Amino acid sequence: MSIFNWKKKKDEERKQQVMEPKKAPSSVSVASEIVEKRPLKSKKAEIDSVATQAVEQAPEVPRATGDAHRVLLRPLITEKNTLHQTQNQYVFEVAIRANKVEVQKAVESAFKVKVKKVRIVRMRGKIKQFGRVKGVRKFWKKAIVSVEKGDHITLLSSV
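So this is what it looks like as structure tokens:
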């Protein structure tokens, strides 16, 4: 019954093919088999050498934090906060895990100003009720940033 042994037959054929050594064609001469071997550079070594040259030639550029959009979520614009702006203080909603140092770096890199002082306040989410369903708004954090005299941040230009 060949139905049940079809896989077994294929396995045996493969084993026989592996055991039989392959013969080289007789038309190829022995002299052509000896090939001069020259030292080859691996591609990785070439890439590394090019990369090191590029790093050596590149001038150093001061880098911005790049995380300002993750730290500063949005400016808080209220009547009270607009009064703070007359005293060079600006208020932002910041990420929950952000600290004073991160907020200072983010404001300095995003707005190109010199920060004098940062104060952070954790705000509790308000409890809200809709019918019988109670819920809590999310907790959030705000930062009050004082900038040096002469520096200015334009949050709203048309108000």
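When we follow the UniProt record's numbering, the leftmost residue of the sequence shown carries the number 1, and every step to the right adds one.
All C-beta atoms, glycine included, are put in the ideal place defined by N, C-alpha and C.
Note that this is a predicted model, so its numbers are computed, not measured.
Name the two residues that bound the continuous alpha helix (DSSP H) containing residue i.
{"i": "K149", "result": "Element bounds for K149: n/a, residue is neither H nor E."}
{"i": "R119", "result": "First-last for R119: 115-123, but that is the beta strand (DSSP E), not the alpha helix (DSSP H)."}
Is residue i near residue j, with beta carbons less than 9 angstroms apart?
{"i": "V113", "j": "V147", "result": "yes"}
{"i": "V121", "j": "A98", "result": "no"}
{"i": "V91", "j": "L73", "result": "no"}
{"i": "E119", "j": "F139", "result": "Sequence check: residue 119 is Arg here, not Glu. No, they are not a contact pair."}
{"i": "A106", "j": "V136", "result": "no"}
{"i": "K149", "j": "I96", "result": "no"}
{"i": "V115", "j": "Q129", "result": "no"}
Does DSSP put residue i in a helix, a strand or coil?
{"i": "F92", "result": "strand"}
{"i": "A98", "result": "coil"}
{"i": "Q129", "result": "strand"}
{"i": "A58", "result": "Caution applies to A58, whose pLDDT of 49 falls short of 50 and renders its modelled position unreliable; the value that the coordinates give is listed next. Here A58 sits in coil by DSSP."}
{"i": "K112", "result": "coil"}
{"i": "L156", "result": "coil"}
{"i": "L83", "result": "helix"}
What is the C-beta distance between residue i and residue j, in whole angstroms, given that I count them as a contact (C-beta under 8 angstroms)?
{"i": "I77", "j": "F111", "result": "Incorrect: roughly 15 angstroms between the Cβ atoms, too far for contact."}
{"i": "K134", "j": "I127", "result": "7 angstroms"}
{"i": "P145", "j": "Q87", "result": "The sequence shown places Val at residue 145, not Pro. Actually they do not touch by this definition, with Cβ atoms about 12 angstroms apart."}
State the start and end residues of the unbroken beta strand (DSSP E) segment that holds residue i.
{"i": "R137", "result": "Taken as a continuous stretch (DSSP letters only), R137 belongs to no beta strand (DSSP E), as it is neither H nor E."}
{"i": "L76", "result": "Counting along the chain, L76 falls outside any beta strand (DSSP E), and DSSP gives it neither H nor E."}
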